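**Q** One structure coming up, written as structure tokens, with questions to follow.
Numbering (our numbering), first residue to last: 194 to 540.
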């Protein structure tokens with residue numbers, strides 16, 4: 194029997210500590226996962242009902258109502274817009290964060306840095322500070338009840354421009370580490386907003402001592418534009434980590450840049466297949482990054498939207514991308530060492 198991720202029951206048993214691999218019991222750290230992308234179908238239906246938007250449900254879920262449905266990267270962005278439209282109040286976000294804590298616990302993740310789109314909140318007239326207070330409360334509850342630590346990475350939406358991005362950063366600055374904020378990011382449609390325009394914003398982030406993580410090189414079809422996007426994120430914006438980075442795999446000088454500067458690439462292979470960035474997992478350039486000495490780790494990106502978990506991502510990389518046990522251990526260690534927050538002891 195095969196599940197929605199296309200992996201067998203036997204593989205899942207091995208991944209969750211029921212097989213022979215001792216690695217399957219190693220606590221995990223995840224650096225690239227979006228709160229909005231952890232919304233469960235059940236929570237989505239409940240929020241849609243609460244806010245009088247039940248009409249959105251059929252267009253977002255599969256016929257069985259058990260999984261989210263979309264086609265291609267821009268179809269994914271459209272789905273994202275739809276589902277986030279029912280996340281409106283601090284209580285809504287608090288519930289989604291508790292759900293994510295449950296997912297992380299089941300996956301064996303002991304520490305996660307979770308992105309939340311302040312850009313979207315502001316666009317919808319929602320106060321990010323009130324939402325962040327609710328997220329901090331949820332994180333404290335998850336830590337107490339499950340032993341899972343969650344830190345937060347607010348981000349801006351690149352296609353809405355630097356001015357809107359600065360508003361998102363100002364809100365994040367008001368929250369700060371007291372509410373669990375450890376960094377700031379840039380997401381959205383990479384084809385519509387060059388990272389270089391946000392250079393002054395990220396200079397402020399770095400001055401405040403927070404981490405910088407920028408989505409870049411997520412769409413290989415951009416060709417040289419995708420490579421330039423990665424270089425802008427590093428050379429102009431001073432990124433400490435790069436989200437996805439696929440395009441860099443085709444350019445040895447950019448790989449060398451990432452390796453020389455120790456920029457960790459938050460790889461999301463399963464996500465890249467789901468959004469059409471690559472046609473099949475075997476096309477993912479993980480091997481090129483490893484051979485070039487680029488620090489990298491694996492991540493789910495949008496757990497419930499894609500039906501992914503982190504242990505499965507590592508197992509798939511081993512079985513289909515040739516990741517060795519030693520390389521897996523190094524990647525897991527990279528996630529711990531390049532975290533912007535404090536990873537719990539023993540992880």
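The C-beta atom is built at its ideal place from N, Cα and C for all residues, glycine as well. From a predicted model like this one, the values you see are computed outputs, not experimental measurements.
For residue 293, which residues in the same chain have their Cβ closer than 6 Å to its Cβ, ignoring the five residues on either side in sequence?
**A** Contacts found: 231.
**Q** What is the residue span of the alpha helix (DSSP H) that residue 348 lies within?
**A** That residue, residue 348, is in no alpha helix (DSSP H); its beta strand (DSSP E) goes 342-350.
**Q** Whose C-beta lies closer than 8 Å to the C-beta of residue 353 among residues of the same chain, with five residues either side of it excluded?
**A** Excluding sequence neighbours, residue 353 sits near 312, 316, 381 and 386.
**Q** Between the C-alpha atoms of residue 332 and residue 373, what's the straight-line distance to the nearest angstrom?
**A** Approximately 8 Å, taken between the alpha carbons.
**Q** How many whole angstroms separate the CB atoms of residue 440 and residue 448, which I take to be in contact at a CB cut-off of 8 Å?
**A** Not confirmed; about 11 Å, so no contact.
**Q** For residue 529, decide whether its Cβ has a neighbour in chain B, counting only Cβ atoms nearer than 7 Å.
**A** The question asks about chain B, but that chain is absent: this structure has only one protein chain.
**Q** State the DSSP-derived secondary structure class of residue 544, mapped to helix, strand or coil.
**A** The question about residue 544 has no answer, for the chain in this structure spans 194 to 540.
**Q** Rounded C-beta distance between residue 405 and residue 376? I'm assuming under 8 Å.
**A** Right, their Cβ atoms sit about 6 Å apart.
**Q** So for residue 409, helix, strand or coil by DSSP?
**A** Residue state, collapsed to three classes: strand.
**Q** Just tell me which of 390, 302, 323 and 469 has its CA closest to the CA of residue 287.
**A** Comparing Cα-Cα distances from residue 287 to each of 390, 302, 323 and 469, the minimum goes to 323.
**Q** In this structure, how does DSSP classify residue 228 when only helix, strand and coil are distinguished?
**A** The answer is coil: DSSP assigns residue 228 none of H, G, I, E or B.
**Q** Below 8 Å, can you find three or more Cβ-Cβ pairs linking the stretch 457-473 to the stretch 260-280?
**A** A contact exists between the stretch 457-473 and the stretch 260-280.
**Q** Could you name the residues that DSSP lists as bridge partners for residue 377?
**A** 405, per the DSSP bridge assignment.
**Q** Tell me whether residue 272 sits in a helix, a strand or coil according to DSSP, three-state version.
**A** Residue 272 falls in the helix class under three-state DSSP.
**Q** Under 8 Å, with one C-beta from each stretch per pair, do the stretch 455-462 and the stretch 390-400 reach the 3-pair mark?
**A** Flag = no, the stretch 455-462 and the stretch 390-400 do not touch.
**Q** Work out the CA separation of residue 257 and residue 338 for me, nearest whole Å.
**A** Roughly 32 Å between the two C-alpha positions.
**Q** Sort 350, 499, 514 and 519 by Cα distance to residue 259 and report the nearest one.
**A** Comparing Cα-Cα distances from residue 259 to each of 350, 499, 514 and 519, the minimum goes to 499.
**Q** Does the beta-carbon of residue 218 have 16 or more other beta-carbons within 10 angstroms, so that it is buried, or is it exposed?
**A** That one is exposed.
**Q** In the structure shown, what three-state DSSP assignment does residue 219 receive?
**A** Here residue 219 sits in coil by DSSP.
**Q** Ignoring anything shorter than 3 residues or poking outside the stretch 281-336, list the beta strand (DSSP E) runs there in chain order.
**A** You should have 302-310.
**Q** Output the distance between the C-alpha atoms of residue 508 and residue 491, rounded to the nearest integer angstrom.
**A** Whole-angstrom Cα-Cα distance: 11 Å.
**Q** Using the C-alpha atoms, what's the distance from residue 362 back to residue 541?
**A** Nothing can be reported for residue 541, as the shown portion of the chain is limited to 194 through 540.
**Q** Within its chain, find whatever has a CB closer than 7 Å to the CB of residue 444; leave out the 5 residues flanking it on each side and keep chain order.
**A** So the qualifying residues of the chain are 420.
**Q** Compare the C-alpha of residue 403 against each of 462, 369 and 379 and name the closest.
**A** Checking every option, the nearest Cα to that of residue 403 belongs to 369.
**Q** For the ligand SAH, is there any heavy atom lying closer than 6 Å to the beta carbon of residue 458?
**A** The model depicted lacks the ligand SAH and carries no ligand whatsoever.
**Q** Taking 6 Å as the limit between beta carbons, can you name the residues of its chain near residue 493, skipping five residues before and five after?
**A** Contacts found: 226, 501 and 503.
**Q** Name the residue from 512, 407 and 358 whose alpha carbon lies nearest to the alpha carbon of residue 429.
**A** Comparing Cα positions, the closest option is 407.
**Q** In the DSSP assignment, the alpha helix (DSSP H) including residue 420 goes from what residue to what residue?
**A** Run containing residue 420: 417-424, per the alpha helix (DSSP H) assignment.
**Q** Would you list the residues sitting across from residue 494 in a DSSP beta bridge?
**A** Residue 494 pairs with 226.
**Q** If the criterion is Cβ atoms closer than 7 Å, does the pair residue 305 and residue 314 meet it?
**A** No.
**Q** Can you give me the C-alpha to C-alpha distance between residue 235 and residue 276, rounded to a whole angstrom?
**A** The alpha-carbon atoms of residue 235 and residue 276 are separated by roughly 12 Å.
**Q** Which stretch, first to last residue, makes up the alpha helix (DSSP H) that contains residue 399?
**A** Counting along the chain, the alpha helix (DSSP H) containing residue 399 begins and ends at 392-400.
**Q** Nearest by alpha-carbon distance to residue 390: which of 307, 411 and 431 is it?
**A** The residue with the shortest Cα to Cα distance from residue 390 is 431.
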